[in-house]
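Undergrad: Quick note, the sequences are listed as chains A and B, same order. First residue of the first sequence: 7, per the working numbering; consecutive thereafter. First residue of the second sequence: 8, per the working numbering; consecutive thereafter. One structure is given below, represented as C-alpha cells, and several questions about it will come after.
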Amino acid sequence: MESRILKPTLAIYVALFILFLYGPFVVLTIISFQQGPEGGPQFPIIEWSTYWYRHIFGLTPPSRIAPLPFGEALLRSLVLALMTMVVSTVLGVMSAQAFRRKFKGSGVVFYLIVLGMMVPGVLTGLGTSLLANNVIGIERHWYTTAFATHVAYTFPFAFLVMLAILNRFDASVEEAAWSLGVDPWTTFRKVTFPLIFPGVLSAMLFAFTLSLDEFPRTLFASGRDQTLPLAIYGTFSVEIHPNIFAFGVLTTLFSFALLSVYGILMAMSVRRAKKMAMQEDIA
Amino acid sequence: MDTSVFRLDGVTKRYGDLVALDNATLEAGANEYISFLGPSGSGKTTLLRVIAGFEAPESGRVYFNGKDITNLPAHERGIGFVFQNFALFPHLTVIQNVGFGLTHGKSGLSAAEIERRSLEMIELVGLSGMEGRGVDQISGGQRQRVALARTLTMHPKVVLLDEPLGALDANLRSRMRNELRAIRERLGVTFVHVTGSETEALAMGDRIVVLDRGRIIQVGTPDEVYGAPASPEVAHFLNRFNLFDGTLSGGTFNGVFGAVPSPQAIPSDRSVYAVRYDRMQVLPVSAKVSGPSFRARFVASEYLGSSMMNFFEAEDGHVIEMEHHLSLGAAQEFEPRQDYLLTWNPDQAIVFGREASR
Chain A
7 MESRILKPTL AIYVALFILF LYGPFVVLTI ISFQQGPEGG PQFPIIEWST
57 YWYRHIFGLT PPSRIAPLPF GEALLRSLVL ALMTMVVSTV LGVMSAQAFR
107 RKFKGSGVVF YLIVLGMMVP GVLTGLGTSL LANNVIGIER HWYTTAFATH
157 VAYTFPFAFL VMLAILNRFD ASVEEAAWSL GVDPWTTFRK VTFPLIFPGV
207 LSAMLFAFTL SLDEFPRTLF ASGRDQTLPL AIYGTFSVEI HPNIFAFGVL
257 TTLFSFALLS VYGILMAMSV RRAKKMAMQE DIA
Chain B
8 MDTSVFRLDG VTKRYGDLVA LDNATLEAGA NEYISFLGPS GSGKTTLLRV
58 IAGFEAPESG RVYFNGKDIT NLPAHERGIG FVFQNFALFP HLTVIQNVGF
108 GLTHGKSGLS AAEIERRSLE MIELVGLSGM EGRGVDQISG GQRQRVALAR
158 TLTMHPKVVL LDEPLGALDA NLRSRMRNEL RAIRERLGVT FVHVTGSETE
208 ALAMGDRIVV LDRGRIIQVG TPDEVYGAPA SPEVAHFLNR FNLFDGTLSG
258 GTFNGVFGAV PSPQAIPSDR SVYAVRYDRM QVLPVSAKVS GPSFRARFVA
308 SEYLGSSMMN FFEAEDGHVI EMEHHLSLGA AQEFEPRQDY LLTWNPDQAI
358 VFGREASR
C-alpha cells in the first residue's frame with residue numbers, strides 16, 4: 007500500500023534531481039555547438055558547428071574574438087591539483103594511521119584537522135594572503151601560498167576517508183605479519199597499504215577534484231598567476247562567447263575520464279576487499 | 008622441565024580499571040603442549056598477546072630462551088601466533104602467505120630456497136596442489152592449515168594458538184585437533200593453545216593452565232586438573248561437576264542433602280561440594296539410602312551417543328546433571344515431572360571449604 011504512493015513520488019523526485027543536476031550541462035553542451043564567430047550564447051542555435059571547439063585549439067582563422075587565455079592556467083591547475091593530491095593523501099593516510107591508537111589530545115587534533123574544511127574559504131584565502139604579505143613578507147604564488155590553502159582544505163577530506171577505512175580494518179593481519187618476523191614498516195607496505203588501497207584511491211580523487219576547481223581560497227592566495235577557475239571567471243567579466251561552453255564540455259569529459267579510471271582501479275581493489283570480507287565472515 | 012622455553016614472572020596487565028592479568032607466573036618447557044583454559048574475559052587471550060608482544064604488561068617480565076624479551080617488539084621475538092580468524096593475507100596466494108615471513112623478514116634466503124621451504128611446509132599440512140590458489144578459494148579448514156603453515160615455516164620455538172579451532176565446524180574441529188597434535192610432535196615445537204572448551208583443553212594439553220579473572224588458578228596435567236580441581240572455579244569450568252553451596256564446620260559439610268563427613272576438604276574461600284556428573288545415582292523416592300541424598304524433579308534427558316545426560320531440578324531451582332555412560336548398560340527411564348532421590352558415594356565427592364585453610 008505504502009509503496010504505491012511512496013515509490014512513484016520518490017521516482018519523480020529522483021528524476022527531477024537528475025534533471026537539475028545535468029540540465030545545465032545539457033544546455034551548455036547544446037550552446038557549445040553554436041555557429042561562430044557571430045553566434046552567441048543564446049537560443050535558438052543558428053547553425054550547428056564545431057567552430058568553438060576549433061577556436062579553443064586555435065584552429066580557426068583570426069577573428070575579433072581572442073582565443074581563451076587558458077593554456078597556462080590549465081597547466082597550473084593540473085600541477086597544483088596533483089601536488090595537492092599527493093601531499094593531502096600522504097598526510098591523510100599518516101594522520102589516520104596515527105588515530106588508530108588513542109593518544110593524548112587526539113580529540114583536539116581531530117577537530118583542528120577537520121576545521122580546515124569547515125572554515126569559509128574566503129576567510130582562509132584572505133588570512134593566508136594577509137599572513138604572507140604583511141606578517142611574513144613573502145610573495146604569493148599558486149605553488150606556495152595557494153598550495154598551502156589547498157592542502158589545508160583537502161587534507162581533512164583525505165583524513166576522514168582514511169579514518170573510515172582504517173576503522174573497519176582488521177588489525178590482526180598486521181599482527182600476523184609481525185609475528186612472522188616482518189618489521190612494522192614492511193608490514194605497512196606489504197599488508198596494510200594494499201588492503202586500504204581503495205580508500206587511498208578515494209582520498210586521492212577527493213583531493214584532486216576539490217583542488218582542481220577550488221575558487222575562494224585561490225582567489226586571494228595565488229598572487230599574479232591565475233589558476234583555471236580564476237581564469238574562467240576572469241573571462242566572464244568581459245563578454246561571454248560559446249567557446250567557454252565548449253571548454254566546459256571538454257573539462258567535464260576530462261572529469262568523466264578521470265572517474266572512469268578511478269572506477270576501474272576501484273573495481274580491481276574491491277575484488278580484493280571482497281576476499282578480505284569473506285575471510286572475516288568465517289571468523 | 009629442565010629445558011625451559013619461556014617463563015612469565017608476575018605479569019600484570021590492566022585496561023583502565025579492569026585487571027586483565029593479575030600477577031601471572033608460569034614456565035613452559037620445550038616440546039610441550041599447553042592449554043590455557045578459562046571463560047571469556049579470564050585473560051587467557053591477553054596472556055597470549057603479552058607473550059607474543061602485541062601487548063605490553065604494566066609490570067612483570069617475560070623471558071624467552073633465557074632472555075628477557077619484555078621490551079622486545081613482536082617482530083623480533085621469533086614466536087609464532089595463529090589467530091582465531093586465521094588473519095591470512097587476503098591479497099596473496101597460499102604459497103605467498105606461507106612464504107611471507109621468509110620473503111619479507113630477515114631470513115636472507117634466496118627466492119628458490121623460500122619456495123622450497125614453503126612447498127615443504129604446504130605438504131606437511133596437506134595442502135599440496137593448492138599453492139597457487141587465492142586464500143578465498145579454499146575452505147575454512149584449509150585456511151586454518153595455511154595459517155599454521157605460515158607460522159611453522161619460520162621455525163619458531165613456540166607457537167601460540169588463539170582458539171584456533173573456534174572458527175571450524177565440529178567435525179573439522181576434532182580432525183584438526185588430532186592433526187595439530189601430530190604436527191607438533193613431528194616438529195618438536197612448544198604449542199600454547201588458548202581455548203574456552205574444557206574438552207579441547209583436556210584432550211590436547213600435556214598441561215592445562217586454568218585462568219579466572221586474570222589469575223592463574225591451577226596448572227597441571229589433564230588428569231590432575233580433572234581428578235582434583237584446585238578450587239570451585241576450576242570445577243565449574245570443567246563443566247563436569249554438580250556444585251552445591253553449603254557450610255563446612257568440624258569436618259562436616261552441611262548442604263541441601265544433609266550433613267556429610269568431609270575430613271579431606273581442599274582449602275578454598277567458598278565452601279562448595281562437588282560431585283561429578285557420572286558419579287550421581289538416581290533412585291525412586293521410596294528407596295532407603297545411608298549417604299547424602301535429596302529429592303529432585305526429573306526435567307529432561309539428552310542423548311549424546313555414548314552417554315545419556317539427565318537433568319533434574321531441586322526444590323530451590325538448582326539444576327543437577329547426571330551422566331550415564333551407555334557402555335555400563337541401558338539408560339534408566341525417568342518419568343517427566345516426577346520426583347526422584349539423588350545420591351552418591353561421598354568418598355567420590357570433592358569438598359572445598361574455608362575451614363580447612365585454618
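Glycine is no exception: its CB is placed at the ideal position from the N, C-alpha and C atoms.
#1: Along the chain, where does the alpha helix (DSSP H) that runs through TYR239(A) open and close?
#2: Using 8 Å as the limit for Cβ to Cβ distance, is SER228(A) near chain B?
#3: Under 8 Å Cβ to Cβ from SER308(B), same chain only, skipping five residues before and after it: list those, please.
#4: Quick one: which unbroken beta strand (DSSP E) runs of 3-plus residues sit fully inside the region 178-255 of chain A? Chain order, please.
#5: Of all the CB atoms in chain A, is at least one closer than 8 Å to the CB of MET183(B)?
#6: Who does ILE357(B) pair with in a DSSP beta bridge?
#7: Is there a Cβ from chain A that is less than 8 Å from the Cβ of MET161(B)?
#8: When the Cα of GLU83(B) is compared with those of VAL57(B), PHE305(B), ARG56(B), GLY112(B), which residue comes out closest?
#9: Following the continuous alpha helix (DSSP H) through SER314(B), name the residue where it begins and the one where it ends.
#10: Apart from the five residues just before and just after VAL296(B), which ones in its own chain have a Cβ nearer than 6 Å to its Cβ?
#11: Per DSSP, what kind of secondary structure is VAL292(B) in: helix, strand or coil?
#12: Determine the burial state of TYR233(B): buried for a count of at least 16 other Cβ atoms within 10 Å of its Cβ, exposed for fewer.
#13: For PRO343(B) and PHE264(B), I'd like the C-alpha separation in whole angstroms.
#14: Would the region 68-77 of chain A count as touching the region 85-92 of chain A if we require 3 or more Cβ pairs under 8 Å?
#15: Could you tell me which chain B residues have their CB closer than 8 Å to the CB of TRP184(A), listed as they occur along the chain?
#16: Please report how far the alpha carbon of THR343(A) lies from the alpha carbon of PHE221(A), in whole angstroms.
#17: Is the CB-CB distance between LEU333(B) and SER313(B) below 8 Å?
#18: For the pair the region 21-37 of chain B and the region 78-92 of chain B, tell me if three or more CB-CB distances fall below 8 Å.
#19: Please confirm if ARG157(B) has its CB atom under 8 Å from at least one CB of chain A.
#20: Assuming GLN225(B) is part of the beta strand (DSSP E), what are its boundary residues?
#21: Looking at the secondary structure, which residues open and close the alpha helix (DSSP H) in which LEU80(A) lies?
#22: Would you verify that the beta carbon of LEU211(A) is, or is not, closer than 8 Å to some beta carbon of chain B?
#23: Of the choices VAL96(A), PRO43(A), MET124(A), ILE51(A), whose alpha-carbon is the least far from that of PRO68(A)?
#24: For the alpha helix (DSSP H) that HIS61(A) lies in, which residues bound it at each end?
#25: For ASN261(B), name the three-state secondary structure that DSSP assigns.
#26: Of all Cβ atoms in chain B, is any one closer than 8 Å to the Cβ of LYS196(A)?
#27: Can you tell which of SER9(A), GLN41(A), ILE62(A), LEU27(A) has the C-alpha that lies nearest to the C-alpha of ILE250(A)?
#28: Are the CB atoms of GLN149(B) and LEU134(B) within a distance shorter than 8 Å?
#29: Which term fits GLY229(A), buried or exposed, when burial requires 16 or more other beta carbons within 10 angstroms of its beta carbon?
#30: Is the region 176-193 of chain B touching the region 101-117 of chain B, taking contact as three or more C-beta pairs under 8 Å?
#31: Find the nearest neighbour of SER42(B) within the set ALA281(B), GLY203(B), GLU320(B), TYR310(B), judged by alpha-carbon distance.
#32: Taking TYR40(B) as the reference, which of ARG180(B), GLY221(B), ALA210(B), LEU155(B) has the closest Cα?
#33: Based on DSSP bridge pairs, tell me the residues matched to LEU44(B).
#34: Can you grab the Cα-Cα spacing for the pair ILE71(A) / TYR57(A), in whole Å?
#35: Just the chain B side, please: which residues come within less than 8 Å of THR224(A) by C-beta, in chain order?
#36: Measure from the C-beta of LEU201(A) to each C-beta in chain E and report whether the shortest distance is under 8 Å.
TA: Checking against the coordinates, here is how it stands:
#1: 234-242
#2: no
#3: MET315, MET316, ASN317, PHE318, ALA338, PHE341
#4: none
#5: no
#6: ALA281(B)
#7: yes
#8: GLY112(B)
#9: Here SER314(B) belongs to no alpha helix (DSSP H); instead the beta strand (DSSP E) covers 314-321.
#10: THR350
#11: coil
#12: buried
#13: 22 Å
#14: no
#15: GLY60, PHE61, PRO80, ALA81, HIS82
#16: As displayed, chain A neither begins before 7 nor continues past 289, which places residue 343(A) out of reach and without an answer.
#17: yes
#18: no
#19: yes
#20: 222-227
#21: 77-104
#22: no
#23: PRO43(A)
#24: 57-62
#25: strand
#26: yes
#27: ILE62(A)
#28: yes
#29: buried
#30: no
#31: GLY203(B)
#32: ALA210(B)
#33: THR202(B), VAL217(B)
#34: 12 Å
#35: Within 8 Å Cβ-Cβ: nothing; THR224(A) doesn't reach chain B, min ~39 Å.
#36: In the displayed structure, chain E is absent; the protein chains listed are A and B.
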